[in-house]
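In my numbering, the protein residues as written are 11 to 692.
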């Protein structure tokens with residue numbers, strides 16, 4: 011009886027022995043078990059801190075094993091591990107967001123991958139008698155970012171497989187739209203649906219940057235380099251590495267009259283303030299600063315590189331605008347502007363301007379400016395008021411074409427408000443306008459936003475000297491004359507260098523010195539032809555038919571937005587030099603495309619603005635509002651405030667003025683009809 015009981019328990023005893031003794035295991039299982047026990051004992055103290063350990067057999071190549079393991083972690087949404095670090099026996103893959111943030115970066119995971127994450131996966135291979143094993147240690151707890159936040163996926167790396175596909179399509183000279191279609195088909199097969207994830211859904215800009223990195227023409231094929239250019243770049247590089255403080259105290263010491271470094275710690279943090287004014291500008295300020303000073307601001311600065319840029323301009327003896335100072339600051343604050351103006355006043359204490367004409371968005375700075383220059387009037391351009399009111403109307407219930415008459419009446423009434431010779435006359439005009447149009451939302455907006463500062467833009471608030479409307483026209487050109495392309499420089503050192511170079515270029519242009527860059531590198535037209543011959547047109551990304559992003563030929567990973575209709579380019583090349591190479595590139599390409607030409611589209615926009623009453627005659631000017639832009643065209647000489655006028659190109663405003671005067675007839679064709687007509691002719 012006892013013997014049979016032993017036989018009955020024998021299978022259970024064998025199972026217990028198999029689980030706890032390596033004597034009953036194969037050599038491979040015994041090897042894996044021993045490695046697992048040793049790894050767990052060595053990692054025992056760290057298991058409670060989120061460190062895990064695993065031992066797995068390896069079949070095939072080690073590289074394939076690691077790639078498959080990391081791919082499974084990504085599919086399980088445990089993170090993307092890359093950037094391997096190889097030691098004597100161990101290979102560590104860190105989280106793709108392991109780099110710490112540096113400089114002024116806040117480490118925002120929706121804007122950068124430098125989040126300082128400590129998650130990792132390590133591999134260590136061991137050779138056994140019959141099998142190869144891998145000891146895997148991992149920390150899958152991420153910090154500095156959230157894997158579940160979809161907004162963070164906008165800055166993910168592009169998937170390697172997808173990147174190879176894109177590069178292959180680029181090498182075949184397939185355009186961007188077809189590449190995006192191929193990406194869409196690839197994601198359908200893979201089942202990827204999150205369009206915010208840059209890993210699988212790269213943007214047009216990403217494709218363009220890949221194309222730029224693949225197809226960069228040889229430097230000697232684009233421009234003829236010179237020792238002058240090399241020395242300039244070497245100086246700029248050294249200055250940037252030395253820091254902003256050393257830059258303004260050494261190379262730019264002659265044109266920097268005030269510098270305050272930025273501090274973010276301590277009880278009294280200070281903003282960055284740089285006031286740039288060379289000796290020639292001081293002389294111009296002293297000579298021409300008694301009349302009127304313009305103050306304009308680069309609004310894209312704080313978004314791009316964290317610095318606001320103000321420019322101060324006077325009218326010189328020749329009647330041309332001339333910059334007398336630039337102010338760079340890290341804080342968009344009226345107190346900071348007031349402090350900078352105090353430094354300028356200390357250089358020329360005898361200057362007492364009659365008035366300041368400032369941007370309408372800076373009207374709340376009036377008090378600070380008057381604290382420095384107590385006797386000066388503060389004015390804002392009337393044309394900016396017109397543009398803001400029209401923008402509001404185009405978002406209101408009267409934006410449609412059938413309400414064109416209502417918009418025309420409103421703009422005409424606004425012109426009468428502007429021409430009011432007294433405050434009482436203004437109140438009467440506003441009251442009559444309210445009764446005439448019966449548009450309470452508009453009258454409420456006008457009263458709250460613009461009538462509160464009516465003395466700054468209406469006639470009754472200006473003296474006889476300041477009634478000259480040409481000052482307002484001059485102001486409308488300042489943005490693309492003296493602040494052009496500043497937002498393309500993200501580092502403050504590069505920004506200050508660019509401003510200093512622009513000041514020098516403007517001075518050289520004024521005294522008639524030859525631009526050596528044109529002599530050494532060729533004209534913009536010649537450079538554009540050279541780039542087109544090298545296939546540069548394949549790198550252009552079209553936003554629509556008339557706007558495109560053109561990669562810069564001498565600055566890597568940089569592209570500028572170019573508008574063919576207004577001839578506006580975001581590059582730093584000053585408009586007084588002439589059309590830049592990016593404009594010439596697009597202009598040349600547009601001549602060979604099917605469909606309407608830029609000239610035909612300008613005629614269409616002018617006719618549309620004329621039919622929709624999106625224009626008004628003011629004294630000696632015609633104000634044309636079209637396509638979110640504004641042209642202020644002088645009636646007597648046909649000079650306009652838009653960038654196209656700088657290049658002697660007939661803009662939308664000039665064409666509308668001809669239509670209004672009966673010189674030209676309004677055209678009624680559409681873009682589709684032109685495309686169809688051209689296809690029939692061909």
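The beta-carbon is built from N, C-alpha and C at its ideal position, and this holds for glycine as well.
Are the C-beta of residue 391 and some C-beta of chain D separated by less than 8 angstroms? No chain D appears in this structure, which consists of one protein chain only.
Segments assigned alpha helix (DSSP H), at least 4 residues, entirely inside the stretch 266-343: Annotation: the stretch 266-343 contains the following complete segments of the alpha helix (DSSP H) (minimum length 4 residues), in chain order: 289-298 and 311-314.
Would you kindly check if the distance between the Cβ of residue 63 and the Cβ of residue 42 is under 8 angstroms? Against the chain shown, residue 42 aligns to sequence position 32. Against the chain shown, residue 63 aligns to sequence position 53. With contacts defined by Cβ atoms closer than 8 angstroms, residue 42 and residue 63 do not form a contacting pair.
With a Cβ-Cβ cutoff of 8 angstroms, do residue 498 and residue 582 count as a contact? Locating residue 498 in the chain shown gives position 488, counting from the first residue. Locating residue 582 in the chain shown gives position 572, counting from the first residue. Yes, the Cβ-Cβ distance between residue 498 and residue 582 is below 8 angstroms.
Helix, strand or coil at residue 63 [DSSP, three-state]: Here residue 63 corresponds to residue number 53 of the chain shown, with the count starting at 1. Residue 63 sits in a strand when the DSSP states are folded into three classes.
Are the CB atoms of residue 324 and residue 336 within a distance shorter than 8 angstroms? Here residue 336 corresponds to residue number 326 of the chain shown, with the count starting at 1. Here residue 324 corresponds to residue number 314 of the chain shown, with the count starting at 1. Not in contact: residue 336 and residue 324 (Cβ atoms no closer than 8 angstroms).
contact_flag[the stretch 426-435, the stretch 355-375] where n(CB pairs < 8 angstroms) is 3 or more: Taking a contact to require three or more Cβ pairs closer than 8 angstroms, the stretch 426-435 and the stretch 355-375 do not qualify as touching.
Can residue 389 and residue 367 be called in contact, C-beta distance under 8 angstroms? The residue you call residue 389 lines up with position 379 of the chain shown. The residue you call residue 367 lines up with position 357 of the chain shown. Remark: C-beta atoms of residue 389 and residue 367 approach each other more closely than 8 angstroms.
Based on the DSSP secondary-structure assignment, which residues constitute the bridge partners of residue 552? Taking the chain shown and counting its residues from 1, the one referred to as residue 552 is at position 542. Secondary-structure assignment with DSSP links residue 552 through a beta bridge to 558.
Could you check what DSSP says for residue 367 in three-state terms: helix, strand or coil? In the chain shown, counting from the first residue as 1, residue 367 sits at position 357. Here residue 367 sits in strand by DSSP.
Under the rule that 16 or more other beta-carbon atoms within 10 Å means buried, what is residue 510, buried or exposed? Residue 510 sits at position 500 when you count from the first residue of the chain shown. With 16 or more other Cβ atoms within 10 Å, it is buried.
What does a CB cutoff of less than 6 angstroms around residue 160 pick up in its chain, not counting 5 residues either side in sequence? The residue labelled residue 160 in the question sits at position 150 within the chain shown. Only 206 meet the Cβ criterion.
From what residue to what residue does the beta strand (DSSP E) around residue 220 run? As a first step, residue 220 is located in the chain shown; it is residue number 210 there, counting from the start. It is not in any beta strand (DSSP E) - residue 220 instead sits in the alpha helix (DSSP H) that spans 214-224.
Confirm, please, whether the CB-CB distance from residue 470 to residue 431 is below 8 angstroms. Here residue 431 corresponds to residue number 421 of the chain shown, with the count starting at 1. Here residue 470 corresponds to residue number 460 of the chain shown, with the count starting at 1. Going by C-beta atoms, residue 431 is nearer than 8 angstroms to residue 470.
What's the C-alpha gap between residue 541 and residue 598? Position 531 of the chain shown, counted from the first residue, corresponds to residue 541. Position 588 of the chain shown, counted from the first residue, corresponds to residue 598. C-alpha separation (whole angstroms): 11 angstroms.
Local Cβ density within 10 Å of residue 265, reported as buried at 16 or more and exposed below that: For this step, residue 265 is matched to residue 255 along the chain shown. When all chains shown are included, residue 265 counts as buried.
In its own chain, which residues sit with a C-beta less than 6 angstroms from the C-beta of residue 551, not counting the 5 before and 5 after it? Residue numbering aside, residue 551 sits at position 541 when the chain shown is read from its first letter. Same-chain partners within the cutoff: 186, 214, 218 and 559.
Check whether the Cβ atoms of residue 107 and residue 154 sit closer than 8 angstroms, and answer yes or no. Against the chain shown, residue 107 aligns to sequence position 97. Against the chain shown, residue 154 aligns to sequence position 144. Yes, they are a contact pair.
Drop a sphere of 10 angstroms on the beta-carbon of residue 359, count the other beta-carbons inside from all chains shown, and report buried for 16 or more, exposed for fewer. As a working note, residue 359 is residue 349 in the chain shown. Per the 10 Å Cβ criterion, exposed.
Quick check: the Cα distance between residue 440 and residue 626, rounded to an integer number of angstroms? Locating residue 440 in the chain shown gives position 430, counting from the first residue. Locating residue 626 in the chain shown gives position 616, counting from the first residue. Rounded to whole angstroms, residue 440 to residue 626 spans 18 angstroms at the Cα level.
With 16 other Cβ atoms within 10 Å as the buried cut-off, status of residue 601: Numbered from 1 along the chain shown, position 591 holds the residue referred to as residue 601. Classification of residue 601: exposed, given that the 10 Å Cβ count is below 16.
My output table needs one value for residue 511: the three-state DSSP class, helix, strand or coil. For the purposes of this step, residue 511 is identified with residue 501 of the chain shown, where counting begins at 1. In this structure, residue 511 counts as helix in the three-state DSSP scheme.
Do residue 636 and residue 619 have their C-beta atoms within less than 8 angstroms of each other? Counting from 1 along the chain shown, the entry for residue 636 is found at position 626. Counting from 1 along the chain shown, the entry for residue 619 is found at position 609. In terms of Cβ geometry, residue 636 and residue 619 form a close pair [threshold 8 angstroms].
Counting along the chain, where does the beta strand (DSSP E) carrying residue 373 start and finish? Position 363 of the chain shown, counting from 1, holds the residue named residue 373. Run containing residue 373: none; DSSP gives neither H nor E here.
Alpha helix (DSSP H) containing residue 2: first to last residue? Outside the shown range of the chain (11 to 692) lies residue 2, about which nothing can therefore be said.
Let me check understanding here. Comparing Cα to Cα, which of 466, 331 and 386 lies closest to residue 516? Working through the chain shown from its first residue, we reach residue 516 at position 506. Looking only at 466, 331 and 386, the smallest Cα-Cα distance to residue 516 is reached by 331.
From residue 178 to residue 283, what distance separates their C-alpha atoms? For the purposes of this step, residue 178 is taken as the residue at position 168 of the chain shown. For the purposes of this step, residue 283 is taken as the residue at position 273 of the chain shown. If you draw a straight line from the Cα of residue 178 to the Cα of residue 283, it is about 48 angstroms long.
What are the boundary residues of the alpha helix (DSSP H) that residue 69 is part of? The residue given as residue 69 occupies position 59 in the chain shown. That residue, residue 69, is in no alpha helix (DSSP H); it is neither H nor E in DSSP.
Enumerate in chain order the residues of its own chain whose CB-to-CB distance from residue 112 is below 8 angstroms, with the five nearest sequence positions on each side excluded. Mapped onto the chain shown, residue 112 falls at position 102. For residue 112, where only same-chain residues beyond five positions count, the Cβ hits under 8 angstroms are 124.
For residue 664, count neighbouring C-beta atoms within 10 Å of its own C-beta (all shown protein chains included) and say buried if the count is 16 or more, exposed if not. Here the question's residue 664 lines up with position 654 in the chain shown. Taking a 10 Å sphere around the C-beta of residue 664, we find 16 or more other C-beta atoms and assign the residue as buried.
With DSSP as the reference, identify every bridge partner of residue 148, one or two as the case may be. Residue 148 sits at position 138 when you count from the first residue of the chain shown. 62 and 131.
Rounded to the nearest angstrom, what separates residue 568 and residue 216 at their Cα positions? As a working note, residue 568 is residue 558 in the chain shown. As a working note, residue 216 is residue 206 in the chain shown. Cα atoms of residue 568 and residue 216: separation of roughly 11 angstroms, rounded to the nearest angstrom.
I need the DSSP call for residue 673, collapsed to helix, strand or coil. As a position in the chain shown, residue 673 is number 663, starting the count at 1. Of the three classes helix, strand and coil, the one that applies to residue 673 here is coil, per DSSP.
Using a Cβ-Cβ cut-off of 7 angstroms (strictly less than) and excluding sequence neighbours within five positions of residue 622, which residues of its own chain qualify? Here residue 622 refers to the residue found at position 612 when the chain shown is read from its first residue. The residues are 411 and 414.
Cβ atoms of residue 654 and residue 594: under 8 angstroms apart, would you say? Numbered from 1 along the chain shown, position 584 holds the residue referred to as residue 594. Numbered from 1 along the chain shown, position 644 holds the residue referred to as residue 654. No, the Cβ-Cβ distance between residue 594 and residue 654 is not below 8 angstroms.
Proximal residues to residue 382 (C-beta, below 7 angstroms), its chain only, five neighbours per side dropped: Within the chain shown, the letter at position 372 stands for residue 382. These residues qualify, in order along the chain: 348, 351, 352 and 355.
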